[in-house]
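S.K.: Numbering (UniProt numbering), first residue to last: 1 to 209.
Note that beta-carbon positions come from the ideal geometry of N, C-alpha and C, so glycine has one too.
If you're wondering where the values come from, they're calculated on a predicted model, not measured in any experiment.
There's a structure below that I have some questions on.
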Ligand SMILES: [Zn+2]
């Protein structure tokens, strides 16, 4: 299948084959029929965004539209109009450990995080911190192209970190539902023995091999 370059409405170059290009157009038509897009939603719904949701639902346009609509609702409550700075870390720096440290050779944002370095394990503030960092990484509006690299430093990882199940579930849910096709690669460094055992027994979280 030949590949064609499409100059999208967000003025970013994107590679799509003919089928993807047609499907993204159909997805946009479905979406605009289903809801009136706010200014923030329109900025988010770039060709890149539509293609990601289309791919995440393995080409099922109805499911992709449903999933994207849910994400637009979630963004209204959690992202749109927010100052993308963690209020907890503003007051107490180091409360969370999840920050961009640069880019890799493919120009993907590289984000470093370490469970043991975070002093505040509370779920909602931690999730907000992560969401703001991801939004910053992909540019204003959240509709930019590309994937990110996640370096998880497990130095100091203890059983208590593994037992913060709610946080793990929230991460898995948000990454899968609202940032599909975004995580390029996850690197786990300095794993202690306890992590090795925990990883092998129940297996890695959903979507991660
Ligand atoms: Zn924070």
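Based on DSSP bridge pairs, tell me the residues matched to residue 222.
M.R.: The structure shown does not extend to residue 222, since the chain is modelled only from 1 through 209, so no value can be given for it.
S.K.: Kindly provide the chain-ordered list of residues whose Cβ lies closer than 6 Å to any non-hydrogen atom of ligand 1.
M.R.: Listed along the chain, these residues meet the criterion: 86, 88, 89, 95, 96, 129.
S.K.: Given this structure, state the Cα-to-Cα distance separating residue 100 from residue 133, to the nearest angstrom.
M.R.: Between residue 100 and residue 133, the C-alpha separation is close to 7 Å.
S.K.: Please classify residue 45: is it buried, with 16 or more other beta-carbons within 10 angstroms of its beta-carbon, or exposed?
M.R.: Classification of residue 45: buried, given that the 10 Å Cβ count is 16 or more.
S.K.: Could you say which of 26, 194, 183 lies nearest to residue 159 if we only look at CA atoms?
M.R.: The option with the nearest alpha carbon to residue 159 is 194.
S.K.: Return the CA-CA distance between residue 33 and residue 27, expressed in angstroms with no decimal places.
M.R.: Approximately 10 Å between the Cα atoms of the pair.
S.K.: Any idea if residue 83 is buried or exposed, counting beta-carbon neighbours within 10 angstroms, 16 or more meaning buried?
M.R.: With fewer than 16 other Cβ atoms within 10 Å, it is exposed.
S.K.: Hey, would you say residue 43 sits closer than 7 Å to residue 181, going by beta carbons?
M.R.: It is not a contact, given that the beta carbons lie outside the stated cut-off.
S.K.: When you compare only the Cα positions, how much space is there between residue 184 and residue 117?
M.R.: So the two alpha carbons sit approximately 23 Å from each other.
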